[in-house]
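One structure below.
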Amino acid sequence: MQSSNIITLDNCQNACEYIALNKTIEQLIVDHPNATFYGFASGNSMENAGIFDGDLLIIDRAADCDTGDIIVALYNGAFVCKIIDKYKRLLISASAAYPAIYIKNSDEFCIEGVVTRSIRLFKKPSLTI
């Protein structure tokens, strides 16, 4: 019998167990469909929170935003994904390599939504952005 690096799925029906959920992926990951949008993460400042470059973010505008939540915000003309500290007015990266950002009164700042979930994409999507 030869060794092979090829995985076959011939016997998958016997080896794999699954549960049919009878739900769409959107029903499973979106809490507020009319207030949810999606975006791709860019950069590595949130890797220690489990968000990697290219991950798909599910962002909920209707979710309550609390200190410690991961948010997407418009900060001085750029979209950022950071941890919010509402009491200290800080945007915090999940990496010590990036300093916290103090939100000044003169800054343009608007919380767009709370990141409720992220999806790791192992293959680039076929859609063009």
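So in the UniProt record's numbering, spot 115 of the sequence shown is number 115, and the numbers just go up one at a time.
Ideal placement from N, C-alpha and C gives every residue a C-beta, glycine not left out.
Treat the numbers as computed from the prediction; the structure is a model and nothing was measured.
Proximity of residue i and residue j at Cβ, strictly below 7 angstroms
i           : j    : result
residue 143 : G54  : Given that the chain is displayed from residue 1 to residue 129, the structure contains no residue 143 and the question cannot be resolved.
V115        : I83  : no
residue 142 : D66  : Because the chain spans 1 through 129 in this model, residue 142 falls outside it and cannot be assessed.
A41         : L28  : no
V80         : G113 : no
S93         : S45  : yes
N48         : S95  : yes
Y87         : F109 : no
V30         : T24  : no
Counted within 10 angstroms of its Cβ, other Cβ atoms place residue i as buried (16 or more) or exposed
i    : result
M1   : Confidence at M1 is low in this model, with a pLDDT of 47, below 50, so its placement is unreliable and the value that follows should be read with caution. It counts as exposed.
L91  : buried
I51  : buried
K123 : exposed
P125 : exposed
According to DSSP, residues forming a beta bridge with residue i
i    : result
C110 : L74
F52  : Answer is none; F52 lacks a bridge partner.
I90  : For the sequence presented, residue 90 should be read as Leu rather than Ile. Note: L90 sits in a beta bridge opposite D85, Y102.
R117 : I58
Whole-angstrom C-beta distance between residue j and residue i, which should lie under 8 angstroms
i   : j    : result
R89 : I103 : 4 angstroms
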